[in-house]
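Participant: Below is one structure. I have some questions about it.
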């Protein structure tokens, strides 16, 4: 793209949108030109957070993302709607010739995700997905060391994530209340999605077989998920995601024939060896997307890679429903 300024529209104006908006406003090469949300008051509230610029139009606030696309014709649409509603704004934007950024997951089912990837490819447009953990220095370094073979061939990966999404209610054993901040699609599809993507991205593999079990609330919300995964190169992995925890945890351990890597979202230790000094990432996931559109630099997480994570998420869900191992196509 030859332009030096990216005009951005935003669909979905809740908490996630406010976080990303702050990052976008820090970029000189970005202009936020419109906000859309079925709750038009939320759209107006987000639009009001964009500082007015002399000689530039006021940011549009609308209830319908399609009207936003039609009225202001943004170069890119950033989508922060609930997970179940990523598909329609993405397809509408791509059909209108807009690039798209989607807060993860790409979609909640494989067919929708594949449709987005296919349409973007056919229109020669970019779709970036908000798997920002790929920018964490610990995971970047883990990926590099695995490629270099510093711990030898990897035979097993254990991956665990815990979040205090659910809290005990009234002190009664096995009585839980739902944290309303938890996103639609469940704990695995929300915070757990980062863990699954980290597993696939750092190992440069895709999953080919999954066997999983879940404990769920009466509402259907997943409480705990445990899964065994076979990667394409034969490496085995275990996944554990829990919404019942006094504190957050993000942890992967790679067991190689000559050592192991212990990786959190902040630290990396190689054994034998020791802790590794790390540096803060140079860019945000939003800045990466903008730079990719304006300057052609690589996307941190292109949609075709995020599709592999959606496939794994769907396979886990199928396995828990059928209580059988699932082979991925």
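Numbering (our numbering), first residue to last: 4 to 332. All C-beta atoms in this analysis are idealised placements derived from N, C-alpha and C, irrespective of residue type, glycine included.
Once you ignore the five residues that flank residue 13 on each side, which residues in its own chain have a CB closer than 6 angstroms to its CB?
Facilitator: These residues qualify, in order along the chain: 20, 38, 81.
Participant: Counting Cβ pairs, one atom from each stretch, are 3 or more of them under 8 angstroms apart for the region 240 to 257 and the region 266 to 275?
Facilitator: Judged by Cβ distances under 8 angstroms, the region 240 to 257 makes contact with the region 266 to 275, as three or more pairs qualify.
Participant: Which value, in whole angstroms, describes the spacing of the CA atoms of residue 320 and residue 215?
Facilitator: Residue 320 and residue 215: Cα-Cα distance of roughly 8 angstroms.
Participant: Report the option in 279, 292, 210 whose CA atom is closest to the CA atom of residue 335.
Facilitator: Because the chain in this structure spans residues 4 to 332, residue 335 falls outside the shown range and cannot be described.
Participant: From which residue to which residue does the beta strand (DSSP E) around residue 208 run?
Facilitator: Premise fails: residue 208 is in no beta strand (DSSP E) and is neither H nor E.
Participant: Going by the DSSP bridge assignment, what does residue 13 pair with across the sheet?
Facilitator: For residue 13, which the question treats as bridged, DSSP gives the partners 38, 81.
Participant: So residue 93 and residue 105 are supposed to be a Cβ contact under 8 angstroms. How far apart are they, rounded?
Facilitator: With a Cβ gap of about 6 angstroms, residue 93 and residue 105 count as contacting.
Participant: For residue 317, count neighbouring Cβ atoms within 10 angstroms of its own Cβ and tell me buried if that reaches 16, exposed if not.
Facilitator: Buried.
Participant: With the cut-off set at 8 angstroms, would you say residue 46 and residue 72 are in Cβ contact?
Facilitator: Result no, Cβ atoms of residue 46 and residue 72 do not sit closer than 8 angstroms.
Participant: On the three-state DSSP scale, how would you describe residue 134?
Facilitator: It is coil, neither helix nor strand.
Participant: Grab me the residues of residue 69's own chain with a C-beta within less than 7 angstroms of its C-beta, minus the 5 sequence neighbours each way, in chain order.
Facilitator: 95, listed in sequence order.
Participant: Assess contact between the region 125 to 138 and the region 225 to 234, defined as three or more Cβ pairs (one per stretch) separated by less than 8 angstroms. Is contact present?
Facilitator: The region 125 to 138, when compared against the region 225 to 234, does not touch it at the 8 angstroms Cβ threshold.
Participant: Quick check: the region 279 to 292 against the region 229 to 248, are at least 3 beta-carbon pairs closer than 8 angstroms?
Facilitator: Cβ pair count under 8 angstroms is below three, so no.
Participant: Grab me the residues of residue 84's own chain with a C-beta within less than 7 angstroms of its C-beta, minus the 5 sequence neighbours each way, in chain order.
Facilitator: Only 14, 15, 92 meet the Cβ criterion.
Participant: Between the C-alpha atoms of residue 27 and residue 328, what's the straight-line distance to the nearest angstrom?
Facilitator: Taking the straight line from one Cα to the other gives about 43 angstroms.
Participant: State the start and end residues of the unbroken beta strand (DSSP E) segment that holds residue 227.
Facilitator: Element bounds for residue 227: 225 to 234.
Participant: Is it the case that the Cβ atoms of residue 62 and residue 35 are separated by a distance below 8 angstroms?
Facilitator: Cβ distance < 8 angstroms, so residue 62 and residue 35 count as in contact.
Participant: Alpha carbon to alpha carbon, how far is residue 50 from residue 11? Give it in angstroms, no decimals.
Facilitator: Rounded to whole angstroms, residue 11 to residue 50 spans 12 angstroms at the Cα level.
Participant: Restricting to Cα atoms, I'd like to know which of 289, 190, 260, 57 is closest to residue 29.
Facilitator: Looking at the Cα atoms, 289 is the closest of the given residues.
Participant: Start and end of the beta strand (DSSP E) containing residue 256?
Facilitator: From DSSP, the beta strand (DSSP E) with residue 256 extends over 252 to 259.
Participant: Report the residue from 115, 322, 23, 166 whose alpha carbon sits nearest the alpha carbon of residue 53.
Facilitator: Selected option, being the one with the closest Cα: 23.
Participant: Can you tell me the Cα-Cα spacing of residue 87 and residue 112, whole angstroms?
Facilitator: Rounded to the nearest angstrom, the two C-alpha atoms are 9 angstroms apart.
Participant: With DSSP as the reference, identify every bridge partner of residue 110, one or two as the case may be.
Facilitator: None, per the DSSP bridge assignment.
Participant: Relative to the C-alpha of residue 60, which residue among 149, 217, 75 is closest?
Facilitator: Residue 75 is the option with its Cα nearest to residue 60.
Participant: Go ahead and label residue 218 buried or exposed: buried means 16 or more other beta carbons lie within 10 angstroms of its beta carbon, across all protein chains shown.
Facilitator: It counts as exposed.
Participant: Per DSSP, what kind of secondary structure is residue 184 in: helix, strand or coil?
Facilitator: Interpretation of residue 184 is limited by its pLDDT of 41, a score under 50 that renders its predicted location unreliable; no figure is taken from the coordinates.
Participant: Using a 10 Å radius around the Cβ and a threshold of 16 neighbouring Cβ atoms, would you call residue 195 buried or exposed?
Facilitator: Buried, since its Cβ has 16 or more Cβ neighbours within 10 Å.
Participant: Taking its Cβ as the centre, do 16 or more other Cβ atoms sit within 10 Å of residue 151, making it buried, or is it exposed?
Facilitator: Its Cβ having fewer than 16 others within 10 Å, residue 151 is exposed.
Participant: Going by Cα to Cα distance, which pick from 260, 308, 313, 324 is closest to residue 157?
Facilitator: When each option's Cα is compared against that of residue 157, the closest is 260.
Participant: Is residue 315 closer than 8 angstroms to residue 213 when the C-beta atoms are compared?
Facilitator: Cβ distance < 8 angstroms, so residue 213 and residue 315 count as in contact.
Participant: Please report the straight-line C-alpha distance between residue 115 and residue 90, rounded to a whole angstrom.
Facilitator: Going by the C-alpha atoms only, they are around 6 angstroms apart.
Participant: Secondary structure at residue 159, three-state DSSP: helix, strand or coil?
Facilitator: The answer is strand: DSSP assigns residue 159 an E or B state.
Participant: For residue 301, does the count of other Cβ atoms within 10 angstroms reach 16, so buried, or fall short, so exposed?
Facilitator: Classification of residue 301: exposed, given that the 10 Å Cβ count is below 16.
Participant: What span of residues does the beta strand (DSSP E) with residue 89 cover, start to end?
Facilitator: First-last for residue 89: undefined, no H or E at that position.
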